[in-house]
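Take a look at the structure set out below.
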Amino acid sequence: FSTLSPERQRDIIHEICHLELSCLVFTRNLDIPELLLEEADGKGIPLFRTHLHTTDFIERITQFLEEKLAATCSIHGVLMDVFGVGVLLLGKSGIGKSECALDLILRGHRLVADDMVYIQKRAPSALIGSGFEIIQHHMEIRGLGIINIRSLFGVEAIRERKKIDLVLELVEWDTSREYDRLGFEREKYTILGVEIPMLRIPVTPARNLTTIIEVAARNHLLKVMGYDSAKEFEKNLLKKMEERGEEKPEIKGEVE
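Residue numbers (this note's numbering): 1180 to 1435.
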């Protein structure tokens, strides 16, 4: 640019400043030409300068804009990091979501958000959950009130944000309803247009929900790695029956 004639420099700057620009950014602490300062000031175009190299700046500003302009929503529930799996616990008020989360924390898992989960859509199919600033790291336990998880258990018991990988809905046990007992059902929960695998967990006093949630997280990890316990069970069962020459049974929810 500096090798061009003053007239050509002015023409280029004039053309640039007549575009619909939000701002201009100069990287590597480059000097801003005086002509550009005058033209940008006249057009009301903000000018910025950074010490970052161009590629580093583009990467950072892209990430910043994706976060600030992402589609968002909030949902009533509890978000936990269980074995590295982002588990979103849903269910009606009073069913025991916070109590389950507290038990998971005692077992070494990490709280992301309790009561209200703030969700941002990143990329085509990634949902990032976090807590609202005013209630972040806090939990409401009936009978105890509001407790600060960070103060009670330390920073290792919390996470600022986590990708949502699995939705578990806690529901009251209904004797008139038939629940999935083999794991062939493949339900999805849709948030901001993104489908997340979902399981419905019936709640009764005799069931250890914390252990069930841990097993659900481990089983999800297995599926991500390509191993499906239900499909493997079905395959082995059909193989044994073929060896014995028995007729194949019709298994409800059978999938290819």
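A virtual CB, placed ideally from N, CA and C, is assigned to each residue, including glycine.
Coarse secondary structure for residue i, derived from DSSP in three states
i: Pro1185; result: helix
i: Asp1353; result: coil
i: Gly1176; result: Shown here, the chain extends from 1180 to 1435; a query on residue 1176 therefore has no answer.
i: Glu1435; result: Confidence at Glu1435 is low in this model, with a pLDDT of 40, below 50, so the placement of that residue should be treated as unreliable; the coordinate-derived value is given next. Coil, per DSSP.
i: Gly1324; result: strand
i: Arg1423; result: coil
i: Glu1218; result: helix
i: Ala1409; result: helix
i: Leu1226; result: strand
i: Cys1196; result: helix
i: Ile1191; result: helix
i: Glu1366; result: strand
Euclidean distance between Cα positions of residue i and residue j
i: Ile1191; j: Phe1227; result: 19 angstroms
i: Leu1283; j: Lys1341; result: 16 angstroms
i: Arg1379; j: Leu1281; result: 20 angstroms
i: Gly1372; j: Glu1339; result: 23 angstroms
i: Tyr1406; j: Arg1356; result: 29 angstroms
i: His1288; j: Thr1390; result: 12 angstroms
i: Ser1408; j: Ala1396; result: 13 angstroms
i: Lys1418; j: Thr1233; result: 59 angstroms
i: Ile1392; j: Ile1328; result: 20 angstroms
i: Met1420; j: Ser1330; result: 57 angstroms
i: Ala1316; j: Ile1337; result: One detail in the question is off: residue 1316 reads as His in this sequence, not Ala. About 7 angstroms.
i: Val1434; j: Lys1410; result: The predicted position of Val1434 is uncertain, since its pLDDT is 42 and thus under 50; no value can be drawn from it.
i: Thr1383; j: Gly1322; result: 20 angstroms
Delimiting residues of the alpha helix (DSSP H) encompassing residue i
i: Cys1279; result: 1276 to 1285
i: Ile1237; result: 1233 to 1248
i: Leu1267; result: From DSSP, Leu1267 is part of no alpha helix (DSSP H) but of the beta strand (DSSP E) over 1264 to 1269.
i: Val1403; result: 1388 to 1403
The ligand NAP heavy atom lying under 7 angstroms from the CB of residue i
i: Thr1241; result: The ligand NAP is absent from the structure shown, which contains no ligands of any kind.
Contact under 8 angstroms by Cβ, residue i with residue j
i: Ala1292; j: Ser1309; result: yes
i: Val1257; j: Leu1400; result: no
i: Met1318; j: Val1346; result: no
i: His1193; j: Glu1217; result: no
i: Thr1206; j: Thr1182; result: no
i: Ile1375; j: Ile1298; result: no
i: Ile1254; j: Leu1306; result: no
Element boundaries [beta strand (DSSP E), containing residue i]
i: Ile1211; result: That residue, Ile1211, is in no beta strand (DSSP E); it is neither H nor E in DSSP.
i: Ile1380; result: 1373 to 1382
i: Asn1253; result: What sits at residue 1253 in the sequence shown is Ser, not Asn. First-last of the beta strand (DSSP E) with Ser1253: 1251 to 1255.
i: Arg1289; result: 1289 to 1292
i: Gln1299; result: 1295 to 1301
* Asked: Three or more C-beta pairs closer than 8 angstroms, one from the stretch 1213 to 1226 and one from the stretch 1192 to 1201: is that the case here?
  -> Yes: the two stretches touch, three or more of their Cβ pairs being nearer than 8 angstroms.
* Cβ contact (3+ pairs, closer than 8 angstroms) linking the stretch 1209 to 1220 and the stretch 1254 to 1270 -> Per the Cβ contact rule, the stretch 1209 to 1220 is not in contact with the stretch 1254 to 1270 (fewer than 3 Cβ pairs under 8 angstroms).
* Examine the Cβ distances between the stretch 1348 to 1357 and the stretch 1239 to 1247 and report whether three or more of them are shorter than 8 angstroms. => Result no; under three Cβ-Cβ pairs closer than 8 angstroms.
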